[in-house]
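Q: Residue numbers (this note's numbering), protein chains in the order written: chain Z, 7 to 192; chain W, 42 to 442.
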């Protein structure tokens with residue numbers, strides 16, 4: 007079974023590959039803690055920690071955006087002036103992805119993967135992928151107004167980030183109502 | 042005189058008022074003592090209230106946390122997950138030679154996924170499939186175990202797996218839920234050359250070499266081509282009491298650093314597809330593909346080629362080379378509707394001087410009722426030199442969850 011030259015080449019290749027794969031790269035795991043994320047986002051200022059309570063209407067809209075039942079009574083967020091930061095979780099294929107989203111003036115300022123646990127689709131955490139979300143706003147259908155280029159074979163991970171980004175925009179709109187021309191919030 | 046009397050009277054009153062408004066030092070001390078007592082009482086009451094408010098906050102926080110924990114518990118604590126997919130097809134195809142037209146409906150695949158997370162770094166994944174709806178003696182279908190492996194995250198960037206797993210080759214072999222690709226039926230190149238869906242038993246390593254550059258490497262059971270067989274598809278043993286005299290090895294490099302782009306190449310070495318029976322035949326498969334999505338446009342292109350020992354030509358002339366390729370542009374007209382065209386060509390006897398390639402042109406539409414539910418319709422025009430190509434249309438519905 008292990009007698010040919012090809013087998014020997016294979017096992018040498020296997021060993022070399024294992025050694026080459028630097029442990030400094032992290033495809034999975036926790037990349038940044040929540041407090042560190044908030045500190046980075048609002049530095050050098052200290053934001054207010056706030057809570058959005060999940061009323062029946064908010065829960066219903068959140069469930070539409072996520073396309074699944076939403077549990078929990080509240081969502082914690084941090085705010086400084088018109089800028090909010092949210093840490094939300096969504097399952098890609100099987101495991102929850104922890105995603106940090108920063109909204110400024112009703113536009114996405116930043117999306118960052120704080121923890122990734124799925125076997126595939128870890129590319130979604132790369133800055134090039136995350137940069138696609140910057141500037142996105144929420145449409146009337148409560149979806150992102152931008153097309154996000156995905157990952158072949160890991161579509162579910164990209165969908166999960168899309169949904170969380172849209173949800174953060176929706177939550178931001180609730181705690182920072184847009185002023186209409188007649189002075190009333192809408 | 043009157044003025045003097047009036048002034049004296051006012052003066053007396055002022056003195057009297059002044060005497061009444063200004064308490065003596067003793068009275069002042071008494072007043073201060075009383076006020077101090079009142080302040081102390083109020084402070085005590087305030088402190089009690091603060092304590093109660095603080096206690097109420099703690100109780101509220103504890104209650105909310107407990108309620109949230111209970112409401113989150115069923116989803117968060119479940120270590121075992123279920124999923125699956127399925128697809129029903131209707132094929133209406135006419136053969137160019139008029140023999141063996143196909144007009145049938147088939148529940149092509151019904152698949153159940155089961156996975157279990159033992160710890161954060163150790164998990165199990167399985168895929169059990171019923172093909173063609175019914176299995177058993179004399180029936181057209183099969184029950185197949187397509188995946189059943191343990192995966193272990195050795196480090197943050199490397200995983201190992203052992204068991205029965207899909208070969209890391211091509212585009213649809215590992216990702217073949219019907220809502221993820223165009224066309225009712227899977228493309229012929231990956232079906233007849235690679236051959237998808239293809240799984241083997243063994244061990245594998247997967248990880249990242251650099252940002253956007255990943256590798257897979259696997260040692261696993263090999264193909265077995267019985268007497269008269271020469272196509273890789275016929276050589277799949279499906280890990281059922283499979284001959285393991287000679288194993289096979291697969292490696293893949295995949296580049297995904299640019300959003301929407303996947304470039305990959307796989308190499309597989311089969312030591313002996315005859316598994317020690319008769320004259321040995323080794324083979325090497327090289328596959329490379331591109332999958333590129335930019336906004337609503339997508340392009341998929343794939344090339345695969347087998348190079349077998351010429352001894353295989355004794356079984357079938359020209360089988361030492363088996364090649365295929367396809368190119369498939371598609372465009373999403375809306376979130377729900379996408380159209381595609383595909384040109385493909387494959388040849389299981391490309392080593393012969395006779396042109397035995399099968400060419401096929403497909404055009405069709407996908408309608409996603411939901412991101413995980415798709416209706417498909419396509420038209421195919423297939424040609425080969427022997428005049429046995431099939432033309433016609435296919436309709437399907439598929440889902441995954």
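The C-beta atom is built at its ideal place from N, Cα and C for all residues, glycine as well.
Taking buried to mean at least 16 other C-beta atoms within 10 Å of its own C-beta, is residue 171 of chain Z buried or exposed?
A: Position 165 of the first chain, counted from the start, is the residue given in the question as residue 171 of chain Z. Label assigned to residue 171 of chain Z: buried.
Q: I'd like the span of the alpha helix (DSSP H) that includes residue 63 of chain Z, first residue to last.
A: Within the first chain, the letter at position 57 stands for residue 63 of chain Z. Element bounds for residue 63 of chain Z: 62-72.
Q: Please tell me whether residue 162 of chain Z and residue 99 of chain Z are closer than 7 angstroms, where the distance is taken between their beta carbons.
A: Residue mapping note: residue 162 of chain Z aligns to position 156 of the first chain, counting from 1. Residue mapping note: residue 99 of chain Z aligns to position 93 of the first chain, counting from 1. Yes, these two residues count as a Cβ contact at 7 angstroms.
Q: Could one say the Cβ of residue 150 of chain Z lies closer than 7 angstroms to chain W's Cβ atoms, at least one of them?
A: By one-based count along the first chain, residue 150 of chain Z stands at place 144. Not one chain W Cβ lies under 7 angstroms of residue 150 of chain Z.
Q: Is the stretch 225-235 of chain W in contact with the stretch 197-205 of chain W, if contact means three or more CB pairs nearer than 8 angstroms?
A: no
Q: Suppose you measure from the CA of residue 279 of chain W to the CA of residue 291 of chain W; what does that come to, to the nearest Å?
A: In the second chain, counting from the first residue as 1, residue 279 of chain W sits at position 238. In the second chain, counting from the first residue as 1, residue 291 of chain W sits at position 250. Distance between the alpha carbons of residue 279 of chain W and residue 291 of chain W: 16 angstroms.
Q: Nearest-angstrom Cα distance between residue 349 of chain W and residue 322 of chain W?
A: Sequence index remark: in the second chain, residue 349 of chain W carries index 308 (1-based). Sequence index remark: in the second chain, residue 322 of chain W carries index 281 (1-based). Answer to the nearest angstrom: the Cα atoms are 7 angstroms apart.
Q: Along the chain, where does the alpha helix (DSSP H) containing residue 131 of chain W start, and where does it finish?
A: Your numbering for residue 131 of chain W matches position 90 in the second chain. No alpha helix (DSSP H) holds residue 131 of chain W; the beta strand (DSSP E) holding it covers 121-136.
Q: Using a 10 Å radius around the Cβ and a threshold of 16 neighbouring Cβ atoms, would you call residue 159 of chain W buried or exposed?
A: Counting from one through the second chain, the residue named residue 159 of chain W turns up at place 118. That one is exposed.
Q: Spatial neighbours of residue 133 of chain W within its chain, please: C-beta separation below 7 angstroms, excluding the five flanking residues on both sides.
A: Your numbering for residue 133 of chain W matches position 92 in the second chain. Counting only Cβ-Cβ distances below 7 angstroms, and skipping sequence neighbours, we find 144, 433 and 434.
Q: Please classify residue 104 of chain W as buried or exposed, where buried requires at least 16 neighbouring CB atoms within 10 angstroms.
A: Within the second chain, residue 104 of chain W is the residue found at index 63, counting from 1. So residue 104 of chain W ends up on the exposed side.
Q: Note down the Cα distance separating residue 250 of chain W from residue 94 of chain Z, rounded to an integer number of angstroms.
A: Residue numbering aside, residue 250 of chain W sits at position 209 when the second chain is read from its first letter. Residue numbering aside, residue 94 of chain Z sits at position 88 when the first chain is read from its first letter. Residue 250 of chain W and residue 94 of chain Z: Cα-Cα distance of roughly 29 angstroms.
Q: I'd like to check one pair, residue 272 of chain W with residue 425 of chain W: are the Cβ atoms closer than 7 angstroms?
A: Start at 1 with the first residue of the second chain, and residue 425 of chain W comes out as number 384. Start at 1 with the first residue of the second chain, and residue 272 of chain W comes out as number 231. Taking 7 angstroms as the Cβ cut-off, residue 425 of chain W and residue 272 of chain W do not qualify as a contacting pair.
Q: Using only alpha-carbon positions, find the residue among W:331, W:269, W:413 and W:442 that is nearest to residue 210 of chain W.
A: Locating residue 210 of chain W in the second chain gives position 169, where the first residue counts as 1. Comparing Cα-Cα distances from residue 210 of chain W to each of W:331, W:269, W:413 and W:442, the minimum goes to W:331.
Q: Give me the Cα-Cα distance between residue 55 of chain Z and residue 73 of chain Z, rounded to the nearest whole angstrom.
A: In the first chain, the residue the question calls residue 55 of chain Z occupies position 49. In the first chain, the residue the question calls residue 73 of chain Z occupies position 67. Distance between the alpha carbons of residue 55 of chain Z and residue 73 of chain Z is about 28 angstroms.
Q: Out of W:194, W:222 and W:253, which has the shortest C-alpha to C-alpha gap to residue 124 of chain Z?
A: As a working mapping, residue 124 of chain Z is identified with position 118 in the first chain. Ranking W:194, W:222 and W:253 by Cα distance to residue 124 of chain Z puts W:194 first.
Q: Check whether the Cβ atoms of residue 372 of chain W and residue 337 of chain W lie closer than 7 angstroms to each other.
A: Residue numbering aside, residue 372 of chain W sits at position 331 when the second chain is read from its first letter. Residue numbering aside, residue 337 of chain W sits at position 296 when the second chain is read from its first letter. It is a contact, given that the beta carbons lie within the stated cut-off.
Q: Chain Z beta carbons: is any one of them nearer than 7 angstroms to that of residue 64 of chain W?
A: Locating residue 64 of chain W in the second chain gives position 23, where the first residue counts as 1. Taking Cβ atoms only, chain Z never reaches closer than 7 angstroms to residue 64 of chain W, which makes this a no.
Q: Alpha carbon to alpha carbon, what distance is there between residue 175 of chain Z and residue 383 of chain W?
A: The residue given as residue 383 of chain W occupies position 342 in the second chain. The residue given as residue 175 of chain Z occupies position 169 in the first chain. Rounded to whole angstroms, residue 383 of chain W to residue 175 of chain Z spans 39 angstroms at the Cα level.
Q: Please report the straight-line C-alpha distance between residue 77 of chain W and residue 95 of chain W, rounded to a whole angstrom.
A: Start at 1 with the first residue of the second chain, and residue 77 of chain W comes out as number 36. Start at 1 with the first residue of the second chain, and residue 95 of chain W comes out as number 54. C-alpha separation (whole angstroms): 26 angstroms.
Q: Can you name the residues of chain Z whose CB is closer than 7 angstroms to the CB of residue 297 of chain W?
A: To locate residue 297 of chain W, count along the second chain from 1; it is residue 256. Those are 129 and 157, listed as they occur along chain Z.
Q: If residue 413 of chain W and residue 442 of chain W are in contact, beta carbons under 8 angstroms, what's the gap, nearest whole angstrom?
A: Taking the second chain and counting its residues from 1, one reaches residue 413 of chain W at position 372. Taking the second chain and counting its residues from 1, one reaches residue 442 of chain W at position 401. About 6 angstroms separates the two Cβ atoms, so the contact holds.
Q: Is the CB-CB distance between residue 263 of chain W and residue 311 of chain W below 7 angstroms?
A: Numbered from its first residue, the second chain carries residue 263 of chain W at position 222. Numbered from its first residue, the second chain carries residue 311 of chain W at position 270. Here residue 263 of chain W is near residue 311 of chain W, since their CB atoms are less than 7 angstroms apart.
Q: Alpha carbons only, please: which of W:179, W:248, W:157 and W:150 is nearest the one belonging to residue 187 of chain W?
A: If you number the second chain from 1, residue 187 of chain W lands on position 146. Cα-wise, what sits closest to residue 187 of chain W is W:150.
Q: Pick out whichever of Z:41, Z:121, Z:36 and Z:110 has its Cα sitting closest to the Cα of residue 82 of chain Z.
A: Position 76 of the first chain, counted from the first residue, corresponds to residue 82 of chain Z. Looking at the Cα atoms, Z:41 is the closest of the given residues.
Q: Report the rounded CA-to-CA distance for residue 314 of chain W versus residue 274 of chain W, giving the unit in angstroms.
A: By one-based count along the second chain, residue 314 of chain W stands at place 273. By one-based count along the second chain, residue 274 of chain W stands at place 233. Going from the Cα of residue 314 of chain W to the Cα of residue 274 of chain W covers about 12 angstroms.
Q: Return no unless some Cβ of chain Z is closer than 7 angstroms to the Cβ of residue 156 of chain W.
A: For this step, residue 156 of chain W is matched to residue 115 along the second chain. With 7 angstroms as the cut-off, residue 156 of chain W counts as an interface residue toward chain Z.
Q: Using a Cβ-Cβ cutoff of less than 7 angstroms, which residues in the same chain neighbour residue 396 of chain W once the five nearest sequence positions on both sides are dropped?
A: As a first step, residue 396 of chain W is located in the second chain; it is residue number 355 there, counting from the start. Cβ within range, chain order: 426.
Q: Could you have a look at residue 351 of chain W and say whether DSSP puts it in helix, strand or coil?
A: Working through the second chain from its first residue, we reach residue 351 of chain W at position 310. Here residue 351 of chain W sits in helix by DSSP.
Q: Can you tell me which of the three DSSP states residue 312 of chain W falls into?
A: Numbered from its first residue, the second chain carries residue 312 of chain W at position 271. Residue 312 of chain W sits in coil when the DSSP states are folded into three classes, being neither helix nor strand.
Q: Which one of Z:119, Z:113 and Z:92 has the shortest CA to CA distance from residue 104 of chain Z?
A: Here residue 104 of chain Z refers to the residue found at position 98 when the first chain is read from its first residue. Considering only alpha carbons, the answer is Z:119.
Q: Please go through the same chain and pick out, in chain order, the residues whose beta-carbon is closer than 8 angstroms to the beta-carbon of residue 129 of chain W, but skip the five residues on each side of it.
A: Indexing the second chain from 1 puts residue 129 of chain W at position 88. Excluding residues within five positions, the ones whose Cβ falls inside 8 angstroms are 146, 147, 148, 149, 437, 438 and 439.
Q: Hey, would you say residue 159 of chain Z sits closer than 7 angstroms to residue 216 of chain W, going by beta carbons?
A: Within the first chain, numbered from 1, the residue matching residue 159 of chain Z stands at position 153. Within the second chain, numbered from 1, the residue matching residue 216 of chain W stands at position 175. Result yes, Cβ atoms of residue 159 of chain Z and residue 216 of chain W sit closer than 7 angstroms.
Q: Going by DSSP, which residues form a beta bridge with residue 370 of chain W?
A: Reading the second chain from its first residue, position 329 is the one you call residue 370 of chain W. Note: residue 370 of chain W sits in a beta bridge opposite W:340.
Q: What is the DSSP secondary structure of residue 193 of chain W, reduced to helix, strand or coil?
A: The residue given as residue 193 of chain W occupies position 152 in the second chain. Three-state DSSP puts residue 193 of chain W in a strand.
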